[in-house]
Structures are given as C-alpha cells and as structure tokens.
Amino acid sequence: MEKTKINDILTYDFYSSLEISNDEKYLAFLKTNADLDENKYNSYLYLFDIEKNKKYKVSDNKNIGIFIFDEDDNLIYKEKSDDKFDYFYKKDRSMGVGSLEFKIDKNVSYIKDLKNGYYLIKASDKLSEDEKKKQKENSFYKEVTKLPFWFNGTGYIDNQKQSLYLFKKEDKSLQKIRDFENDSLNAFAINKNTNKLALVLGKNDNKVSRLKDDLIILDLENKEEKIIIENEFSYYDLFFNDKDEIIFVASDMKKGGINEDAFIYKGNLSGEYKKISPDDFDKSFGNSIGSDARYEAYRTFFYKNNKFYFVVTEKEESKLYSLDENENIKLEISGCVEDFAIANDNIYYFAMTEDRISHLKEKKNGKILFDNKINSSLGKIEEFFYESNGDKIRGFVLLPVDFDKNKKYPTILSIHGGPKTEFSNIFHHEHQVFANDGYIIIYTNPHGSSGNGVKYSDIRGRYGTIDYEDLMNFTDLAIKKYPQIDENNMGVYGGSYGGFMTNWIVSHTNRFKAANSQRSISNWTSFYGVSDIGYYFAPDQTGANPWDNLEKMWEQSPIKHAKNVKTPTMFIHSDEDYRCPLEQGLQMYTRIKENGIDTKMYIFHGENHELSRSGKPKARIKRIEKIKEWFDGYLK
Numbered sequence: 355m356e357k358t359k360i361n362d363i364l365t366y367d368f369y370s371s372l373e374i375s376n377d378e379k380y381l382a383f384l385k386t387n388a389d390l391d392e393n394k395y396n397s398y399l400y401l402f403d404i405e406k407n408k409k410y411k412v413s414d415n416k417n418i419g420i421f422i423f424d425e426d427d428n429l430i431y432k433e434k435s436d437d438k439f440d441y442f443y444k445k446d447r448s449m450g451v452g453s454l455e456f457k458i459d460k461n462v463s464y465i466k467d468l469k470n471g472y473y474l475i476k477a478s479d480k481l482s483e484d485e486k487k488k489q490k491e492n493s494f495y496k497e498v499t500k501l502p503f504w505f506n507g508t509g510y511i512d513n514q515k516q517s518l519y520l521f522k523k524e525d526k527s528l529q530k531i532r533d534f535e536n537d538s539l540n541a542f543a544i545n546k547n548t549n550k551l552a553l554v555l556g557k558n559d560n561k562v563s564r565l566k567d568d569l570i571i572l573d574l575e576n577k578e579e580k581i582i583i584e585n586e587f588s589y590y591d592l593f594f595n596d597k598d599e600i601i602f603v604a605s606d607m608k609k610g611g612i613n614e615d616a617f618i619y620k621g622n623l624s625g626e627y628k629k630i631s632p633d634d635f636d637k638s639f640g641n642s643i644g645s646d647a648r649y650e651a652y653r654t655f656f657y658k659n660n661k662f663y664f665v666v667t668e669k670e671e672s673k674l675y676s677l678d679e680n681e682n683i684k685l686e687i688s689g690c691v692e693d694f695a696i697a698n699d700n701i702y703y704f705a706m707t708e709d710r711i712s713h714l715k716e717k718k719n720g721k722i723l724f725d726n727k728i729n730s731s732l733g734k735i736e737e738f739f740y741e742s743n744g745d746k747i748r749g750f751v752l753l754p755v756d757f758d759k760n761k762k763y764p765t766i767l768s769i770h771g772g773p774k775t776e777f778s779n780i781f782h783h784e785h786q787v788f789a790n791d792g793y794i795i796i797y798t799n800p801h802g803s804s805g806n807g808v809k810y811s812d813i814r815g816r817y818g819t820i821d822y823e824d825l826m827n828f829t830d831l832a833i834k835k836y837p838q839i840d841e842n843n844m845g846v847y848g849g850s851y852g853g854f855m856t857n858w859i860v861s862h863t864n865r866f867k868a869a870n871s872q873r874s875i876s877n878w879t880s881f882y883g884v885s886d887i888g889y890y891f892a893p894d895q896t897g898a899n900p901w902d903n904l905e906k907m908w909e910q911s912p913i914k915h916a917k918n919v920k921t922p923t924m925f926i927h928s929d930e931d932y933r934c935p936l937e938q939g940l941q942m943y944t945r946i947k948e949n950g951i952d953t954k955m956y957i958f959h960g961e962n963h964e965l966s967r968s969g970k971p972k973a974r975i976k977r978i979e980k981i982k983e984w985f986d987g988y989l990k
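When the letters of the sequence shown are read in order and numbered with my numbering, they come out as residues 355 to 990.
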C-alpha cells in the first residue's frame, strides 16, 4: 500500500449538506474535491437512491451550494448566478436534463419550500451598474463605522443588508418580509401554519455588536413584530414545534463566559420559557472534533415528528441525541457524526473514523451505504489515560507506519485550536503524513477543551497555567509509556489556540528541539483591538482588558515572555486572517529574531484563519511541505 502523502488531499471526496426527500426514498448531498489546476474546490450535487443503493451526479456545475427538495420531491438548486439574477433549476428523478424553474434578481443565500406555493428566501440586493461603478471608483479607501469592522473569511464588513422574502412560485413575485440593515439575522424559523416567523437578531449598541441577541416574533399576516426575549441569550438555533412553541438552544454565558455550553429551552409566543434539557446534561453542542479532512459546515440541529435532534461533542465523540415532547433525551448514534437526515423510521448520516472520511451510513442496521475509505497506509492510533489537575484525561499516540518497538522515533506534540475544540481518533491527514515518514505524533485534550463539561472547558484567566501543565504531564507520561519516543528529538506545533500554546511553551521550556506556531495569539493587549472577536474574546478569556488591568492581560501574553525563547521556531500566518491577525505572528517572530534564535515566517497571501482546513489547495500543500521541511531539518 502506498504511503499517505501531502498531495493526497487532492484525491479525497468530502461529503456534506445531507438532505432527504419528503417520501424518504432519496437523499441529496454535496461532494467536494480539491482542484489543483484551478486552485479551488469543486462542489457537485448528488442524488442517492436509497432502494437501489446508487448515487447520481445531478449537475456538472462545480459550484452548487444551495439546493432543496420541493413539495413534489424535485430537486431545486441554484445552478448559476450573474450580475442580474440567481438561476434555480429543477431536476426530477428521471435524471434528465435540468430545466430552469425560476430566476430571482437577488443574491440568494437561503431557500425553503413552504409547500403552499411559496418559498421563504433570504437574500441581498444585486449591485446596480451605478453602484458597481461607484464601488470601483472608491475602492482605494474603506470607511469603518462598526465593531467588529471585519470578519474572518469575509473581510471588511460592508453595509449590504440582508432581507427575508416570500417568493410566489405561480407568478414568480417577491414579497419583502423584513430588512436587516441595522441588526443581523442570526437564526430564524417559520411555524407549521407559515404565518409566524421567529427571528434571532444580533443587535448593536452604538454600532458595537452585542454578545446576546433578541428573540422576535414576526406575524406574517399583519407584519407586526414583538421582542419576546431581549438580550438574555446567545442562540445556536431555533425551531417551532406543532404547538407553536419555540424550541431553542442558547447560552446565557453566566457560568462559563462566551465558551459556556448551551442548554435546550422551550418557550411560548409571549416570551415565557423553561429549560428542558437537564442541568447535568452539560454537553458541547455541535461537532468540535478537529480534522483537516472535511469541507463545509454540517447540520447540528433538526426538528421532525415532535422530536428535536442535536449533535453534541462528548468524550472524544460527536454523538447524535434526540429530545421528545415529554423531554426525554435519547442517545441515537455514537462515534463521529458529521451530518444527518431524519426519516420516520431511520436516520441517515455521514460519519468519520480513523480510516474513513465522510461516508454514508444508516442507523437501522449500521450498514455503510457508500464507503469513503482511505486507500493509503495509516499509522496506528493508540490511547491512554492520565491524571492531571484533578481530572482523568485521554491522550493519543499515533505510531509510525511500520513501527518497530526497538527503534527511537522523532516525535511531535500536536496542540489543537479553540481552546474549546478537541482531538479524537478520527482521520487527520496531516498527522498521517508525519506518521508515514517515521514520526510519532502525540496529542491530547487539556483543560479548556470541549466534550467534558463547562467546568473542564473554563480556563478563563488561566491560559498558560493549567493547560500548560496538562500538556507537559501528558508529554512526560507518553515518554514513559513509549520508550520509542526520542525525547532528545521532539517538536511541538499547533494553530490558533494551539499556536498560542506553542508560543507559550517555547517561552517557558527548552525541552523541544523545534517548534511551529500557526495563526497564533502572542499578545492579548493588541489582539483586543485587531481581531474580529478581540474586543470581547480577549477580556472574557483573560479576565482583563488593556485599560483597567493591563498587567494581568500582559502576563498571559506569550510575547511578554518571548525573551526566554531558545527553541528554533517557524511561524505560519495568512495575511487575511482576521481571527488571529498577521501582526500576532510577526510580533513573536520579531522578538525571537532579536534573540538570535533560528526563526522564519511563511505568510500566505489571500488565505485566512482556515488555511489548514479549507485553504486553497496550493496553499494547503505548501503549508504542510514547509512544516515538514522545518521539523525534518531539526529532528532527523
């Protein structure tokens, strides 16, 4: 079997956006592949016949992102877009040539069939010729009036407003429901009778975005709206049940700050609500297990047949649960659930394992409906538990391919981002590239990680203390358990929070022979003012701000301790990273350069904070090449 290579990302199929037809005979989904020639990703729409166990490509369009089943179970999808219209095509199950169903003179980002001749649409206006001309003439400057003023993956936040519309299929007319110009539409749901909308609106105070939202009910018949819950929660999502009650997932941030685990609530149209998930159901909603072998977002919540379905990250798994109308919680699927679709008597889902990326399974008999197995050699992942800071923590050791217990191997400590994410035993391409070239990779989920409750994940004001101790304790025990680890040839690397910890580690210990810090935080005091989340994330996580307790914030900044760095450290950053902006890496690079320590920095143009996961193919390949080149130079 061939080795796992860097360029293998070009061969992977990433499946996402799973939907099921109304008669539950078909599934639809996107298949995404990296395209090296065009240096982008191509997303194709597929239809899967459940009875025949066969999938079909719906369109040769490489950029499909929006699709639905209509009430007649035809596939409706956005085939193309130009300066004037978005074009929606229809294809029935005969899989003949798709035909134009309708076109809309907007930039459509969401469409839902209301099954009464109407579609609910979220869209923004197309720019007129005069607006495009004015935009081009004024492209040499940017007016900033809001906070945040930019957002990772988007750039500077402009004033283009989103709106909700009703689109009438019969006469192709658009009826505007509401504009969202001075507030942001963060989530919405429509009731069964299609006469009421529940809207989660992000508000701002003097153009500074608030952390908590308003929940509004909009009556579609008389256009009246009412705030029913004001500035109490940060919402994940919401749904109407058949009784016109609102099921919502939200956090009040009172126990764990902005990273606090949420709970499930049920409320009425008057704003009265109660928590319906148990107090001890302290889970992290969503799949926060890290991997560089997936693409696009996945479903986390769904409501059907009086049951609320949701994915949580729990103990190194992403599990699917359900909550019935009697408030009973049931575990539906364990493992690593990537996406799911609910049938009356079955659940279809994409899963990931240590040797398979997103592949389609069904719950009823556990059968794989179509596979997606990695066809290259893989190192074996082993696990052990260790005690640190009063908790039992899982650690992972990825052994090299053709592992020989009588040999010593260079070893790299890998640190995940977040901090509220986690590692698991699922496939991680980059790790396997190292394992296929004679490295041991060790990784764990220190305090601050998700999946173990709010008490475990809450490290506010303690960055670089309890988490640092966990990582060092884990490394010490890994060396004891695996004498094959060459402790004189060890490296450390990570991105985002993992980059922060790499910066912290090299400024507090010399045990590692080389380091690689990616998209990192180095200085909380400057991060506060330049990151898209800085003005609230930095004070929340450090328990300080630059104005009232600067020393506390400064003490938690790796740059404060960077004079101690003796470890050769390479930095990777993207110049459009607005989450952990470029200057964070440059500060650390500058101080280490002044120390006379070997360092270099690679800056990726046009990339952002997602470089390692969804960056353009050429950049992703070059990134791993440079990381490996750096560690090979010091550890081999």
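For each residue, glycine too, the CB sits at the ideal point set by N, CA and C.
Query: Buried versus exposed, by CB contacts within 10 Å (16 or more), LYS411; Result: exposed
Query: Contact set for GLY849: own chain, Cβ-Cβ below 7 Å, skip 5 residues either direction; Result: GLY771, GLN872, ARG873, SER966
Query: Candidates GLU979, PHE881, TYR956, ALA616: closest to PRO502 by CA position; Result: PHE881
Query: Pick from SER803, LEU401, HIS783, ILE766 that is closest to MET844, judged by C-alpha positions; Result: ILE766
Query: Through-space distance from LYS466 to ASP440, alpha-carbon basis; Result: 15 Å
Query: Whole beta strand (DSSP E) elements within the stretch 507 to 587, 3-residue minimum; Result: 516 to 522, 527 to 534, 538 to 544, 550 to 556, 567 to 573
Query: Local conformation of LYS718 per DSSP, three classes; Result: coil
Query: With 16 other Cβ atoms within 10 Å as the buried cut-off, status of VAL451; Result: exposed
Query: For ILE887, the residue or residues it bridges with in DSSP; Result: BP columns for ILE887 are empty, so no partner.
Query: Any 3 or more C-beta pairs closer than 8 Å across the stretch 829 to 847 and the stretch 890 to 906; Result: no
Query: Option in LYS669, ASP931, VAL919 with minimal Cα separation from MET942; Result: VAL919
Query: Of the residues GLU650, GLY888, GLU670, TYR675, the one placed nearest TYR657, counting alpha carbons only; Result: TYR675
Query: 3-residue-minimum beta strand (DSSP E) runs that sit fully inside the stretch 745 to 782, ordered along the chain; Result: 745 to 752, 763 to 769
Query: Residue burial classification, ILE722 (beta-carbon count within 10 angstroms, cutoff 16); Result: exposed
Query: Ranges of the alpha helix (DSSP H) found wholly within the stretch 420 to 499, counting only runs of at least 4; Result: 483 to 491
Query: Separation of PHE442 from GLY733, as counted between CA atoms; Result: 45 Å
Query: Per-residue burial, PRO912 [other beta carbons within 10 Å of its own, 16 or more giving buried]; Result: buried
Query: Opposing strand residues paired with ALA382 [DSSP bridges]; Result: GLU373, LEU401
Query: Counted within 10 angstroms of its Cβ, other Cβ atoms place PHE866 as buried (16 or more) or exposed; Result: buried
Query: Pair within 8 Å by beta-carbon distance, HIS743 and ASP824; Result: Here residue 743 turns out to be Asn, not His, going by the sequence shown. Cβ distance < 8 Å, so ASN743 and ASP824 count as in contact.
Query: Bridge partners - ASN396, DSSP secondary structure assignment; Result: ASN387
Query: Given GLY749 as reference, the closest of ILE735, ILE978, LYS761, LYS759 once Cα atoms are compared; Result: ILE735
Query: Reduced DSSP category for GLY802 - H, G, I as helix; E, B as strand; rest coil; Result: coil
Query: Three-way DSSP call (helix, strand, coil) for ASN680 in this model; Result: coil
Query: Pair within 8 Å by beta-carbon distance, THR775 and VAL860; Result: no
Query: Cβ neighbour criterion (16 or more within 10 Å) applied to HIS783; Result: buried
Query: Distance between ALA695 and MET955 (C-alpha atoms, nearest Å); Result: 44 Å
Query: Cβ of TYR663 within 8 Å of any chain B Cβ; Result: Chain labels in this structure do not include chain B; a single protein chain is all it has.
Query: CB of ILE780 within 8 Å of CB of THR667, strictly; Result: no
Query: Inter-residue spacing [alpha-carbon to alpha-carbon] between ASN540 and ASN558; Result: 13 Å
Query: Residues that TYR851 bridges to, as DSSP identifies them; Result: None, per the DSSP bridge assignment.
Query: CA-to-CA distance, TRP504 to ILE795, given in whole angstroms; Result: 36 Å
Query: Close beta carbons around ALA697, own chain, < 7 Å, minus the five adjacent residues each side; Result: ILE374, GLU378
Query: Extent of the continuous beta strand (DSSP E) to which ASN827 belongs; Result: Looking at the DSSP string, ASN827 is not in any beta strand (DSSP E); the run it does join, the alpha helix (DSSP H), is 820 to 835.
Query: Close-in-space but distant-in-sequence residues of the same chain around PRO764 (CB under 8 Å, 5 per side omitted); Result: GLY792, TYR793, ILE794, ASP840, ASN843, MET844, GLY845, PHE985, LEU989, LYS990
Query: Per DSSP, the bridge partner or partners of GLY621; Result: ILE600, TYR627
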